[in-house]
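Student: Below is a structure I'd like to ask you about.
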Amino acid sequence: MVAPPRTISREPGAIPAMRKSPPGRKAGRSGTEGPLPLYHRIFTVLRQEITEGTWPDGVSLPNEHELAARFGVARITIRRALDDLAREGLLDRTRGKGTFARVGTEPPFRQDLRGLLESLIIMGRETSVSILDFAYVAAPPEVAAALEIPPQAVVQKSVRVRSHGGKRFSYLTTWVPEEIGRHFERDDLARAPLLSLLDAAGYRVSRADQVISARAADPMVAEALAVPLGTALLSIRRQVRDESGRVVEYIQALYQPELYEYQMDMQRVLRSGRSLWAVAAEAAE
Numbered sequence: 003m004v005a006p007p008r009t010i011s012r013e014p015g016a017i018p019a020m021r022k023s024p025p026g027r028k029a030g031r032s033g034t035e036g037p038l039p040l041y042h043r044i045f046t047v048l049r050q051e052i053t054e055g056t057w058p059d060g061v062s063l064p065n066e067h068e069l070a071a072r073f074g075v076a077r078i079t080i081r082r083a084l085d086d087l088a089r090e091g092l093l094d095r096t097r098g099k100g101t102f103a104r105v106g107t108e109p110p111f112r113q114d115l116r117g118l119l120e121s122l123i124i125m126g127r128e129t130s131v132s133i134l135d136f137a138y139v140a141a142p143p144e145v146a147a148a149l150e151i152p153p154q155a156v157v158q159k160s161v162r163v164r165s166h167g168g169k170r171f172s173y174l175t176t177w178v179p180e181e182i183g184r185h186f187e188r189d190d191l192a193r194a195p196l197l198s199l200l201d202a203a204g205y206r207v208s209r210a211d212q213v214i215s216a217r218a219a220d221p222m223v224a225e226a227l228a229v230p231l232g233t234a235l236l237s238i239r240r241q242v243r244d245e246s247g248r249v250v251e252y253i254q255a256l257y258q259p260e261l262y263e264y265q266m267d268m269q270r271v272l273r274s275g276r277s278l279w280a281v282a283a284e285a286a287e
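For this note's numbering, add 2 to where a residue sits in the sequence shown, where the first one is 1.
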């Protein structure tokens, strides 16, 4: 059995022990101290260790008693973290034998920024989707501004969850101007990527502007993605324009970072006498 790291060591794979609760607090018993449940924070640490090779495939992890001592929590908190790791396919738990790391072979879904629109269509075809909501509503102020339409104008709103390899990885809220949205129905969104539907309706998409940040999962998103409340998610807000420059879609997308990632090639370029980093495709312009 691999000895559990318990001290502040610089040996490969060792990390500092999790800070214990202040005297008089029993966060370890309930596992809910802080903005994220304590068991989920332990789950996150162990998941990172497994995926980064601290616990190689087939290696036995410390038992519940040892992990509880390492993190300064109760066994029930450790058990919840291990249960979640097992559900994600990162552990094999066999009664009487132990708990063994299982390094997954399924890579995260990767989107290449060099061909953003093309990769979005490919992603739509290679993943499955569930439609949670589809309706025509008055555009909220932020949405109206993003779509460059009058406040309270009617828009088509859809909420979808995409899955890859049986795992839910994205929560997508999309708004489309009403006259554009009337070209397709709820069932169409379930069978084809939205960008393909826009093209088929005569709105040839030519560019997209997006902002990437992070956001914590609220109760609705957490339930839809089957993650704990407050889980950190990759957040993307994207305006999609057609060849005339009109905004034909505004999307707010939330992704599980361990299941979805962006890839881009960067290159140093000289512009206006300054050395800057640029995406490789932009550097060639």
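Note that CB positions come from ideal geometry on N, CA and C, so glycine has one too.
Could you tell me the alpha carbon to alpha carbon distance between Ala201 and Lys159, rounded to whole angstroms?
Tutor: Here residue 201 refers to the residue found at position 199 of the sequence shown. Here residue 159 refers to the residue found at position 157 of the sequence shown. Per the sequence shown, residue 201 should be read as Asp rather than Ala. Taking the straight line joining both Cα atoms gives about 18 Å.
Student: Hey, could you find the ends of the beta strand (DSSP E) Thr101 is sitting in?
Tutor: Position 99 of the sequence shown holds residue 101. Here the beta strand (DSSP E) through Thr101 covers 100–103.
Student: Leaving aside the five residues before and after Ala216 along the sequence, list all residues of the same chain whose C-beta is less than 8 Å from its C-beta, in chain order.
Tutor: In the sequence shown, residue 216 corresponds to position 214, counting from 1. Here the set comprises Ala234, Leu235, Leu236, Ser237.
Student: Do Leu256 and Tyr173 have their C-beta atoms closer together than 8 Å?
Tutor: Working through the sequence shown from its first residue, we reach residue 256 at position 254. Working through the sequence shown from its first residue, we reach residue 173 at position 171. Yes, the pair counts as a contact, with Cβ atoms nearer than the cut-off.
Student: Using 10 angstroms around the beta-carbon of Arg97, count the other beta-carbons present and answer buried if the total reaches 16, otherwise exposed.
Tutor: As a position in the sequence shown, residue 97 is number 95, starting the count at 1. When all chains shown are included, Arg97 counts as exposed.
Student: Report the option in Glu180, Asp244, Ala218, Arg184 whose CA atom is closest to the CA atom of Asp211.
Tutor: Taking the sequence shown and counting its residues from 1, the one referred to as residue 211 is at position 209. That would be Asp244, whose Cα lies nearest to the Cα of Asp211.
Student: Touching or not, the region 154–169 and the region 129–137, by the rule of three or more beta carbon pairs under 8 Å?
Tutor: Verdict: yes, contact present.
Student: Thinking Arg82 and Tyr41 are a contact (beta carbons under 8 Å), I'd like their distance in whole angstroms, please.
Tutor: Taking the first residue of the sequence shown as position 1, residue 82 is located at position 80. Taking the first residue of the sequence shown as position 1, residue 41 is located at position 39. Indeed, because the Cβ distance is near 4 Å, the residues count as touching under 8 Å.
Student: So Ser198 is in the beta strand (DSSP E); what residue range does that whole segment cover?
Tutor: Stepping through the sequence shown from its first residue, residue 198 is reached at position 196. Segment 196–202 is the alpha helix (DSSP H) holding Ser198; no beta strand (DSSP E) there.
Student: Using three-state DSSP, classify Ile151 as helix, strand or coil.
Tutor: If you number the sequence shown from 1, residue 151 lands on position 149. If DSSP states are grouped into helix, strand and coil, Ile151 belongs with coil.
Student: Ignore the nearest five residues each way along the sequence and tell me which others in Ile52's own chain have a CB closer than 7 Å to its CB.
Tutor: Taking the sequence shown and counting its residues from 1, the one referred to as residue 52 is at position 50. Result list for Ile52: Leu92, Ala103, Val105, in chain order.
Student: Sort Arg273, Glu181, Leu199, Ile182 by Cα distance to Asp189 and report the nearest one.
Tutor: What you label residue 189 is simply residue 187 of the sequence shown in a count that begins at 1. Among Arg273, Glu181, Leu199, Ile182, the Cα nearest to that of Asp189 is on Leu199.
Student: Of all the options Arg184, Thr56, Arg240, which has the alpha carbon lying nearest to the alpha carbon of Val156?
Tutor: Along the sequence shown, one-based indexing puts residue 156 at 154. Among Arg184, Thr56, Arg240, the Cα nearest to that of Val156 belongs to Arg184.
Student: Of all the options Gly168, Lys169, Gly167, Trp177, which has the alpha carbon lying nearest to the alpha carbon of Leu149?
Tutor: As a first step, residue 149 is located in the sequence shown; it is residue number 147 there, counting from the start. If we check each option's Cα against that of Leu149, Trp177 comes out closest.
Student: Expressed to the nearest angstrom, what Euclidean distance is found between the alpha-carbon atoms of Gly275 and Gln269?
Tutor: Residue numbering aside, residue 275 sits at position 273 when the sequence shown is read from its first letter. Residue numbering aside, residue 269 sits at position 267 when the sequence shown is read from its first letter. Looking at the two C-alpha atoms, the distance is approximately 16 Å.
Student: Does DSSP put Leu256 in a helix, in a strand, or in coil?
Tutor: Position 254 of the sequence shown, counting from 1, holds the residue named residue 256. Three-state result, Leu256: strand.
Student: Using the Cα positions of Val249 and Ala224, report the straight-line distance between them to the nearest angstrom.
Tutor: As a first step, residue 249 must be located in the sequence shown, where it is residue number 247. As a first step, residue 224 must be located in the sequence shown, where it is residue number 222. When rounded, the distance between both Cα atoms is 29 Å.
Student: Using the rule of at least 16 other Cβ atoms within 10 Å of the residue's Cβ for burial, across every protein chain shown, is Ile182 buried or exposed?
Tutor: Residue 182 sits at position 180 when you count from the first residue of the sequence shown. Buried.
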